[in-house]
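Quick notes on the structure that follows.
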Amino acid sequence: MGIIKVENIRIFAYHGCLEEETKIGSDYRVDLEVKADLQNSAKTDKLSNTVDYVFLNRIIKEEMEIPSHLLETVARRILNRIFNEDKLVKKATVWVSKLNPPIGGDVERVTIKMTDRRKK
């Protein structure tokens, strides 16, 4: 097994339960870690034999564009797409962070973390 990380993806999006959050938007950070067998790609040196991090970044950007009330919903959609669209991924963890959340305090970010494994 090997690990591929795509870290500190910065995105502006419109998630939240408050009406103003869905109108004015906010800054987000997404981090992703996937586990896959990378031995074949290490031998063949072919992109088709690995998990393409450009593909992973695209999924994150596309799913972050869809407004949701909860960050958990966004994370679940990201994981579902990864497992549905890349059969090499065995396990994935995604962190979705809202930067400067409107929670009445000096808070840098709130983050949800979700992990899933491929079903046999």
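Take the sequence shown: its position 39, counted from the start at 1, is 39 in full-length UniProt numbering, and no numbers get skipped. In this text, a Cβ means the ideal position worked out from N, Cα and C, and glycines have one as well.
By the three-class DSSP mapping on this structure, what secondary structure does residue i have?
{"i": "M114", "result": "strand"}
{"i": "K43", "result": "helix"}
{"i": "N8", "result": "strand"}
{"i": "T50", "result": "coil"}
{"i": "residue 123", "result": "Residue numbering for the chain in the displayed model covers 1 to 120; residue 123 lies beyond these limits and cannot be assessed."}
{"i": "V96", "result": "strand"}
{"i": "K23", "result": "helix"}
{"i": "K91", "result": "strand"}
{"i": "I59", "result": "helix"}
{"i": "I78", "result": "helix"}
Within its chain, find whatever has a CB closer than 7 Å to the CB of residue i; leave out the 5 residues flanking it on each side and keep chain order.
{"i": "I60", "result": "I9, V30, L32 and I78"}
{"i": "S68", "result": "H15 and V74"}
Leaving out five residues on either side along the sequence, give the residues of the same chain with a beta carbon under 8 Å from the beta carbon of residue i.
{"i": "M1", "result": "K35, A36, D37, L38 and K90"}
{"i": "Y53", "result": "I4 and V6"}
Compute the beta-carbon to beta-carbon distance between residue i and residue j, rounded to the nearest angstrom, for a pair I have assumed lies under 8 Å.
{"i": "V107", "j": "S97", "result": "So it is not a contact: roughly 11 Å between Cβ atoms."}
{"i": "E72", "j": "A13", "result": "In fact, because the Cβ distance is near 14 Å, the residues do not count as touching under 8 Å."}
{"i": "L99", "j": "I82", "result": "That belief does not hold up - the Cβ atoms of L99 and I82 are roughly 23 Å apart, past 8 Å."}
With 16 as the cutoff for other CB atoms within 10 Å, does residue i come out buried or exposed?
{"i": "A42", "result": "exposed"}
{"i": "T44", "result": "exposed"}
{"i": "E63", "result": "buried"}
{"i": "T115", "result": "exposed"}
Taking only beta-carbon positions, decide if residue i is within less than 9 Å of chain C.
{"i": "T50", "result": "In the structure shown, chain C does not exist; there is a single protein chain."}
For residue i, collect the residues of the same chain with a Cβ closer than 6 Å to its Cβ; drop the 5 residues on either side in sequence, then sort them by chain order.
{"i": "R117", "result": "K91"}
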